[in-house]
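Protein chains in written order, with our numbering: chain Z, 7 to 154; chain X, 26 to 183.
Backbone N, C-alpha and C define an ideal beta-carbon position, used for all residues, glycine too.
Only one structure is covered here, and it is reproduced in the block below.
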């Protein structure tokens, strides 16, 4: 199954593009479309769910809108990810993390919807498993607070 | 020890709550989130009092052009601070965390700031304001540490 997740706001252009592509794909497509206006005609969809994790777990590939929450959640679940840039999104700083994660080979960042099929193919073949750098933030906080 | 955790919306919640999870239940947590935030409260793992404050400014809007929301936020947060009496504030890069961090610093509360993991090359607005004010300033990408030497890079939470 290919899972498409676009967050709360929605991302009509991506949902429409995937809806049109789905006929040519060998796998089923399920979409989470948020408050988007476009409703898919060719695949299953829902608007919001308390957790998307059950869908990641069934998916062979995830395509998302590049939001930070979904992006890191998918990577931690070890699924290949295509993050599609939403040019209508005002929070441009989200691009920073997409660029950095792409440079490390953890996701494919798709900036042009016309090249989505190619991005999906690359996500299945080129990506490395996600490794978080070792985190000591909590031990530093503990040390600081215990010294008070 | 009482720790007040400031939660932002969306992705800002994920790394802050992950840090709370790693710190574990040994602290007495209380939480501050915005009036309009309907998601963060449901994600809290270690329960504690939940306080709410109005957002100090709209996105992309200058605080100086609209000082009234900032004033309301500051008054509410002062009341929260006096009521919750935390020893430390853990601020996860939320706009509502700015006034309370400054007030806390003035009242002798230790302030810890966690820049959002989405920030790789530039600080958020609240990060730029609080960089010189807080006691511990964490960034989650090494590239940010290069430009901001007082920041601590100690890995990433998400």
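C-beta contact flag for residue i and residue j at 8 Å
{"i": "residue 62 of chain Z", "j": "residue 83 of chain Z", "result": "yes"}
{"i": "residue 114 of chain X", "j": "residue 136 of chain X", "result": "yes"}
{"i": "residue 140 of chain X", "j": "residue 123 of chain X", "result": "no"}
{"i": "residue 91 of chain Z", "j": "residue 116 of chain Z", "result": "yes"}
{"i": "residue 169 of chain X", "j": "residue 148 of chain X", "result": "yes"}
{"i": "residue 143 of chain X", "j": "residue 74 of chain Z", "result": "yes"}
{"i": "residue 103 of chain X", "j": "residue 81 of chain X", "result": "no"}
{"i": "residue 150 of chain Z", "j": "residue 161 of chain X", "result": "yes"}
{"i": "residue 68 of chain Z", "j": "residue 44 of chain Z", "result": "no"}
{"i": "residue 66 of chain Z", "j": "residue 33 of chain Z", "result": "yes"}
Straight-line gap, residue i to residue j (C-alpha atoms, nearest Å)
{"i": "residue 77 of chain X", "j": "residue 27 of chain X", "result": "17 Å"}
{"i": "residue 72 of chain X", "j": "residue 123 of chain Z", "result": "45 Å"}
{"i": "residue 33 of chain X", "j": "residue 26 of chain Z", "result": "36 Å"}
{"i": "residue 128 of chain X", "j": "residue 48 of chain Z", "result": "54 Å"}
{"i": "residue 173 of chain X", "j": "residue 35 of chain Z", "result": "44 Å"}
{"i": "residue 42 of chain X", "j": "residue 65 of chain X", "result": "9 Å"}
{"i": "residue 134 of chain X", "j": "residue 144 of chain Z", "result": "19 Å"}
{"i": "residue 175 of chain X", "j": "residue 99 of chain X", "result": "27 Å"}
{"i": "residue 50 of chain Z", "j": "residue 10 of chain Z", "result": "10 Å"}
{"i": "residue 139 of chain Z", "j": "residue 146 of chain Z", "result": "16 Å"}
Residue-level contact to chain Z via CB, residue i, 8 Å cutoff
{"i": "residue 145 of chain X", "result": "yes"}
{"i": "residue 39 of chain X", "result": "yes"}
{"i": "residue 181 of chain X", "result": "yes"}
{"i": "residue 177 of chain X", "result": "yes"}
Minimum Cβ-Cβ distance from residue i to chain X less than 8 Å
{"i": "residue 139 of chain Z", "result": "yes"}
{"i": "residue 142 of chain Z", "result": "yes"}
{"i": "residue 102 of chain Z", "result": "yes"}
{"i": "residue 75 of chain Z", "result": "yes"}
{"i": "residue 99 of chain Z", "result": "yes"}
{"i": "residue 78 of chain Z", "result": "yes"}
{"i": "residue 106 of chain Z", "result": "yes"}
Interface partners of residue i on chain X, CB under 7 Å
{"i": "residue 59 of chain Z", "result": "Chain X residues near residue 59 of chain Z: none, gap ~13 Å exceeds 7 Å."}
Chain A contact for residue i (CB, 8 Å cutoff)
{"i": "residue 109 of chain X", "result": "Annotation note: the requested chain A is absent from the structure, which comprises protein chains Z and X."}
Whole-angstrom C-beta distance between residue j and residue i, which should lie under 8 Å
{"i": "residue 145 of chain X", "j": "residue 103 of chain Z", "result": "6 Å"}
{"i": "residue 52 of chain Z", "j": "residue 38 of chain Z", "result": "6 Å"}
Neighbour list for residue i in chain Z, Cβ cutoff strictly below 8 Å
{"i": "residue 58 of chain X", "result": "The premise fails here: residue 58 of chain X is roughly 15 Å from chain Z at the closest Cβ pair, so nothing lies under 8 Å."}
Under 7 Å from the C-beta of residue i: neighbouring residues of chain Z
{"i": "residue 135 of chain X", "result": "154"}
Neighbouring residues, chain Z, relative to residue i (Cβ below 9 Å)
{"i": "residue 163 of chain X", "result": "143, 146 and 147"}
{"i": "residue 113 of chain X", "result": "147, 150, 151 and 154"}
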